[in-house]
Ligand SMILES: Cc1cc2nc3c(=O)[nH]c(=O)nc-3n(C[C@H](O)[C@H](O)[C@H](O)COP(=O)(O)OP(=O)(O)OC[C@H]3O[C@@H](n4cnc5c(N)ncnc54)[C@H](O)[C@@H]3O)c2cc1C
Ligand code: SF4
Ligand code: SF4
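Chains as they are written, first to last, in the numbering used here: chain Z, 657 to 1173; chain X, 369 to 782.
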């Protein structure tokens, strides 16, 4: 049965505005540039074409961010910078690169786009009264799976495909990162350095946007600061500085099973990193094991999976910043919850079995798998590391929200989730009967949890998948939800609308105490 | 046993859910506005583009079939209580054994000249919302009349779309029939901070129209004129008694019911916005048009629909709202000025406020208002029900806070 409202009602279509088409046009141009870059002959396969494509996409997203009433002071300057940065990229196309070195061009145009984004965010969210501003989200094609969003997804996925499988096509772009790379780690850039730099930059810039956007909410502010630092320091600077000191490139913020190779035999478990001179390598392997098996359960017991998923993890860092505009795209149907449970636990089982088998194989000196042991690692890395976490996980931001990987693919999330569900203090407490069933919480839950289902029956939310981003509590207009990790008692309160002294009168099972005819 | 419910608002569907929970009765809900239950409280978010209509449906569409609750889209035009039949406008007839009327409310109009012109409307349902979307496209300015909770929502809706809004409030201060002057002033500041022109002690006299029959402005009682192409009327709602009165049931302001929700016709109950208690519970109103009340009625009228009518036992009064960015909660009895024998303590940092009302003799707390601070309902309900003393409450105050982690707490000195 479809909901047939009166056909004359065209709800939530919103007034068509010129400015809303601009993002679509920009995203379309980005697609065109991408194609030119891929199929073009010299000089059109120049890196600046790709930079321009990415820049165009970023500006499309930035401009779509707030569709209505964009008259704040500063927004013109922000827009000019974004467009100026792009214009530079375009000039490069026309031959300017022959005068100015690529890396200068790149730095200036990227810098302009970033500065423009921040200035725009400040104009839109940093001035005037502070509060939740999700107005217009569903009137904006880029944010409601319109044409612009599809194009953006194609461009993003395309970028990941090049990154993973055709890095040679990105050679020019990678070379422009050399100055930065030499400064930080004393070596030439490679595709991963280039990617890490762009990734951290996106977290930083969009993190600043989030700081403006949620400036009224101290939980969101602290969380955003954590996310910016975790990505910038733990997942970018430290590993690169390690490289500068000839130590293994190691990420202290990732553990088995998100980075399964950290505990696999081979490089880490019993290979060159373990034996690396200076014992730092050994420390890394032990650190990884202690984090995976001791710290994860303990921290998750006290704080829930959020200490990792929405405060530290790199995937979460990007999702919470660059992915912030796309929270509402997570499907909250029961069906997607079912699929999610099967998939995520399936991956966990797979990676666990894989780890055990690899170790047995290693103990038997290859007797079990023979030459296939390297094959397993490669296949796992291909399917989960590249296709799922990268191409789909980030490429589909504009279509399925920013947590596709976290919901459906991440084995770390599976473990943290099991602990959170069964051995943790963390829950989202529901404030008695205050819920008005409006749906803001469910709509803006990036994990697709139907928060309202619990809130409207006065039940606390104890769900394995909740990453504790706190957005449900922020958007709730009635202050119904509170993330808590105080003592465990009362964590699973039943469906009771008002607890304690209101006893039977409001209880969901009140009627049971009356005898019926 | 066939239980039929007219109206798929919060009252009707809550009743249906509880009847299903405790019986295998056939259940049918007849409703005219939409196929499925949606949250009326979220209408503003659809307009502002925060959510789509489908996001405001509290239950997935297959919930109803899975729970064997039969949904019929249509208007009930008459109830024949003798033959136990509901007649629909389409001509269809539905037989019932027990019937619940949960027909909700209608926006008030006070017979102002020009109040039916194009661009003049209230906001109650989906049709109003669509009308408002159309009427507010490409306009230069709007006026909202009526200083209640829906008025401030309309002002927020319009101003979020960049339309200059004038908000006319008849009272000396916004909602001064519920709030203290200090509280009103905080709310007024919140409204003005969003660029809304708030006019206090401003009463509508008539709506001016242009030659095409469209609203072009308002004239106030004090003689002032204001141009506006949209005029939102948010001057309260009245119980929708149309179906009940054409069917010969007793009605007053609302559909008259006894303390167990029974109307004057046997087997016919009424609850929610549309109902009026003949003798209300002490300290409560005869008509209480709130989402929470509808939910609580719905839960309890289910007893009657199941054949064991029970007297209404309302939970401790509570309500909440949001004035632009400022959240408001209230528990228990809080008068604008404490009644005789009562006093209040106010804690405020200029942006947020808590006002606790207590009895002067023993210091027992009787109610609390909170602006910009979230309070735990179960803690406060407990304190108020058990008459906890003000001192004890202040000592233990942190336990009642529900603000997000890392929030700065509002100081309450003992
Ligand atoms: C914009 C707005 C915001 C609000 N916000 C809040 C809030 O924040 N907090 C709060 O507590 N309350 C709020 N309210 C009030 C709250 O929504 C109502 O009290 C509540 O919805 C009443 O529920 P009900 O089920 O009794 O009636 P309704 O929700 O009105 O449902 C009755 C339904 O029955 C249908 N109907 C009527 N007659 C017939 C007929 N003859 N045949 C078939 N169908 C019929 C109507 O079309 C309607 O769909 C708000 C109201 C509005 C309009
Ligand atoms: S339930 Fe709330 S805190 Fe948890 S993931 Fe969803 S929005 Fe974030
Ligand atoms: S918990 Fe809050 S946001 Fe969620 S449905 Fe209830 S009132 Fe709305």
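Just so you know, even glycine gets a beta-carbon here, dropped at the ideal spot from N, CA and C.
Q) Is there contact between the region 689-699 of chain X and the region 556-576 of chain X, where contact requires at least three CB pairs shorter than 8 Å? A) yes
Q: Using alpha carbons as the reference points, say which of Z:1075, Z:982, Z:1062 lies closest to residue 951 of chain Z.
A: Z:1075
Q. Cα-Cα, which of Z:902, Z:733, Z:922 is closest to residue 776 of chain Z?
A. Z:733
(Q) Give me, in chain order, the residues of the same chain whose beta-carbon lies closer than 8 Å to that of residue 781 of chain X; leave out the 5 immediate sequence neighbours on both sides. (A) Excluding sequence neighbours, residue 781 of chain X sits near 715, 762.
Q) Within 6 Å: the Cβ of residue 1136 of chain Z and any heavy atom of ligand 3? A) yes
Q. Should residue 868 of chain Z and residue 781 of chain Z be called a contact, given that it needs their Cβ atoms to be closer than 7 Å?
A. yes
Q. Do three or more CB pairs link the region 789-803 of chain Z to the region 1032-1049 of chain Z at distances below 8 Å?
A. no
Q. Any chance the CB of residue 399 of chain X is under 6 Å from a heavy atom of ligand 1?
A. yes
Q.
I'd like to know if residue 1093 of chain Z contacts chain X, where contact means its C-beta is closer than 7 Å to some C-beta of that chain.
A. yes
Q. From this set, X:571, X:588, X:566, X:598, which residue's C-alpha is nearest residue 578 of chain X's C-alpha?
A. X:598
Q. Is the region 935-946 of chain Z touching the region 851-860 of chain Z, taking contact as three or more C-beta pairs under 8 Å?
A. The region 935-946 of chain Z, when compared against the region 851-860 of chain Z, does not touch it at the 8 Å Cβ threshold.
Q | For residue 1079 of chain Z and residue 1013 of chain Z, the rounded distance between their alpha carbons | A | 28 Å
Q: Could you tell me the distance, in whole angstroms, from the CA atom of residue 442 of chain X to the CA atom of residue 400 of chain X?
A: 4 Å
Q.
Are the CB atoms of residue 745 of chain X and residue 725 of chain X within a distance shorter than 7 Å?
A. No, they are not a contact pair.
(Q) Can you confirm whether the region 536-545 of chain X touches the region 502-516 of chain X when touching is taken to mean that 3 or more C-beta pairs between the two stretches lie within less than 8 Å? (A) Judged by Cβ distances under 8 Å, the region 502-516 of chain X makes contact with the region 536-545 of chain X, as three or more pairs qualify.
Q. What number of angstroms, rounded off, separates the C-alpha of residue 376 of chain X from the C-alpha of residue 757 of chain X?
A. 42 Å
Q) Between which two residues does the alpha helix (DSSP H) harbouring residue 997 of chain Z extend? A) 990-1019
Q. Mind checking whether the beta-carbon of residue 594 of chain X lies closer than 6 Å to any heavy atom of ligand 2?
A. no
(Q) Taking 7 Å as the threshold (C-beta atoms), are residue 1135 of chain Z and residue 742 of chain X in contact? (A) yes
Q: Identify the contact partners of residue 888 of chain Z in chain X, using a Cβ-Cβ distance below 9 Å as the criterion.
A: Simply none; closest approach about 21 Å.
Q.
Report the CB separation of residue 710 of chain Z from residue 849 of chain Z in whole angstroms; it is logged as a contact under 8 Å.
A. Not confirmed; about 16 Å, so no contact.
(Q) If we define contact as Cβ-Cβ less than 7 Å, is residue 868 of chain Z a contact residue for chain X? (A) no
Q: Could you give the DSSP three-state label for residue 389 of chain X: helix, strand or coil?
A: The answer is helix: DSSP assigns residue 389 of chain X an H, G or I state.
Q | From Z:828, Z:1081, Z:762, residue whose alpha carbon lies closest to that of residue 1118 of chain Z | A | Z:1081
Q) So is the beta-carbon of residue 1096 of chain Z under 6 Å away from any non-hydrogen atom of ligand 3? A) yes
Q. Hey, quick one: how far does the beta strand (DSSP E) through residue 594 of chain X stretch, first residue to last?
A. Here the beta strand (DSSP E) through residue 594 of chain X covers 593-595.
Q) In angstroms, rounded to a whole number, what distance separates the CA positions of residue 784 of chain X and residue 680 of chain X? A) Given that chain X is displayed from residue 369 to residue 782, the structure contains no residue 784 of chain X and the question cannot be resolved.
Q: Could you name the residues of the same chain whose beta carbon sits closer than 7 Å to that of residue 1073 of chain Z, not counting the 5 residues immediately before and after it, in chain order?
A: 961, 1120, 1121
Q: Taking residue 871 of chain Z as the query, report the chain X residues whose CB atoms sit under 8 Å from its CB, ordered along the chain.
A: Simply none; closest approach about 12 Å.
Q. Does ligand 2 have a heavy atom nearer than 6 Å to the CB of residue 1127 of chain Z?
A. It does: the Cβ of residue 1127 of chain Z is within 6 Å (strictly closer) of some heavy atom of ligand 2.
Q: Report yes or no: is there a C-beta of chain Z within less than 7 Å of the C-beta of residue 690 of chain X?
A: With 7 Å as the cut-off, residue 690 of chain X counts as an interface residue toward chain Z.
Q | Rounded straight-line distance, which links the Cα of residue 665 of chain X to that of residue 657 of chain X | A | 11 Å
Q.
Which complete alpha helix (DSSP H) runs does the region 824-911 of chain Z hold, if anything under 4 residues is left out?
A. 827-832, 834-841, 847-869, 874-885, 894-900
Q.
Please report the straight-line C-alpha distance between residue 1067 of chain Z and residue 1103 of chain Z, rounded to a whole angstrom.
A. 15 Å
Q: Please report the residue range of the beta strand (DSSP E) in which residue 1140 of chain Z lies.
A: 1137-1140
Q | Cβ-based neighbour list, residue 663 of chain Z, same chain, cut-off 6 Å, excluding 5 preceding and 5 following | A | Note that residue 663 of chain Z scores 43 on pLDDT, short of 50, meaning its location in the model is unreliable; the coordinates nonetheless yield the value given after this. Taken in chain order, the list of residues that qualify is empty.
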